[in-house]
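Reviewing the structure listed below.
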Amino acid sequence: MEIEEPLFENLFKEFIEIYFSEINKERDKKILYRRYGIKYSRKFTLEEIGKLNNITRQRVEQIEKKHIKKLLLLLNGESVKRLNFEPNNKLKNLFSEIKITMNDNKIIGNKEFFQLLNKYFKNCSLKNGYIILLLDLLKLKYISYNDFISNIFYQEKYINKKTLKNNIERIYKALRKEVIPISYDDLIIKVIGRRKNYNVENIKLTINALDEIEKININDIEMLQLNTLNKFSAGDLGYRVLFHNESPMSNDQLLRKVNNLLNEQGYNRVNRRNLLNQLTDNDKIKNIGQGKWALNDWDYEKNIL
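Each step along the sequence shown adds one to the number in full-length UniProt numbering, with nothing skipped, and position 156 is 156.
Printed below as a string of structure tokens:
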């Protein structure tokens, strides 16, 4: 059974079609649709659209911005010169609802963003050109840091791309180096480092927006750790497993637990020799004899019997 298209998505698509029908500019419609990948196989660049229409890149950008501005005015309930048309009231109300929701979030993680949009769109992904168009209407940008950290959506009036990317990089590096859970305050201090210009609120919002950060309660304190396990060495994973176990573990116990964690995330298993070699090389772990391992700061002496 086919899932019914949400009301907003249905009205939004209809609104765009009627708008271009009213202004009677088929070329401009195709330019905008190509730009956002609406009813086309992909999104086209300004240069590509310029070539297809024998106009400059700058002219394509002017056409795009002109129609975005007019569409936004109409959705906000304002009039547009020489256009005797206004959107459905239900659409305007739903757009206002989405705008308020997004304005309440200066920086939004990938998972939360699509959870918020899920009731408005049937196909809720960045492959949906109507969602990309909506982002521009909402003045929302998104950043893809790399292949293992999800997109983060943000409002440029609060934070620019360069600063956000720098915060993400510093957060990731700090958590990757720490391996085991770290408190919010300690993470923020590490992210700030020696910088003189920083915004603590934006750092906090970025931390909360990263889907790859796992929150753990330890002794009634919320702690944070990076949950992208394939970016850690086998030795680091053994270190984390020991930390959470809070007591020594045997070779077999560590191997089983590390591989169970990797398997849960769909990553390749580690072999026994590789794990034992890396445990030996890890300066935060010690062998306490009889095939057992402990953290260096635990009070265990090596059993040589």
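Glycine included, each C-beta is placed from N, C-alpha and C at the ideal position.
Please read all numbers here as calculations on a predicted model, not as lab measurements.
- For ALA294, the beta-bridge partners assigned by DSSP are LYS286.
- Beta-bridge pairing by DSSP links ASN217 to GLU222.
- Sixteen is the threshold: when 16 or more other Cβ atoms of the shown chains lie within 10 Å of the Cβ of VAL60, as they do, the residue is buried.
- Under the 8 Å Cβ criterion, the stretch 244 to 259 does not count as touching the stretch 191 to 206, having fewer than three qualifying pairs.
- Annotation note: the stretch 41 to 126 contains the following uninterrupted alpha helix (DSSP H) runs of length 4 or greater, listed N- to C-terminal: 46 to 53, 57 to 75, 89 to 103, 110 to 117.
- In the three-state reduction of the DSSP assignment, PHE153 falls in the strand class.
- Boundaries of the beta strand (DSSP E) harbouring LEU140: 140 to 143, taken from the DSSP string.
- Take ILE149, set aside five residues on each side of it, and the residues of its chain with a beta-carbon closer than 6 Å to its own are GLU212, in chain order.
- Boundaries cannot be given for ARG269, as no alpha helix (DSSP H) includes it and DSSP labels it neither H nor E.
- Inclusion of ILE203 and ASN227 in the CB contact set at 7 Å is not warranted, their separation being larger than that value.
- Take ALA209, set aside five residues on each side of it, and the residues of its chain with a beta-carbon closer than 7 Å to its own are ILE107, ILE108, GLY109, ILE152, in chain order.
- Between ARG269 and ASN263, the beta carbon gap of about 7 Å places them in contact (Cβ cut-off 8 Å).
- GLU5 is the residue among GLN278, GLU5, LYS292, ASP283 whose C-alpha sits nearest the C-alpha of CYS124.
- Exposed is the label assigned to GLY266, since fewer than 16 other Cβ atoms lie within 10 Å of its Cβ.
- A contact between stretches requires three or more CB pairs, one per stretch, nearer than 8 Å, and the stretch 171 to 183 fails this requirement with the stretch 81 to 100.
- In the three-state reduction of the DSSP assignment, SER183 falls in the strand class.
- Look at SER250 here: in three-state DSSP terms it is strand.
- HIS67 is the residue among ASN219, ASN10, HIS67 whose C-alpha sits nearest the C-alpha of TYR36.
- Assigned with DSSP and collapsed to three states, SER233 falls in coil, not helix or strand.
- The distance from the Cβ of LEU261 to that of TRP293 is about 16 Å, inconsistent with a contact at the 8 Å cut-off.
- Looking at the backbone, the Cα of VAL258 and that of LYS43 are separated by about 42 Å.
- In the structure shown, the three-state DSSP call for ASN167 is helix.
- Bounds of the alpha helix (DSSP H) holding GLY129 are 129 to 137.
- Going by C-alpha positions, GLU14 is about 22 Å away from PHE114.
- For GLY193, the secondary structure class from DSSP, reduced to helix, strand or coil, is coil.
- Inter-residue distance for ILE159 and LYS141 is about 10 Å (C-alpha atoms, whole angstroms).
- One thing to note: LEU11 has its Cβ no nearer than 7 Å to the Cβ of LEU71.
- DSSP places LYS162 in the helix class (H, G or I) of the three-state scheme.
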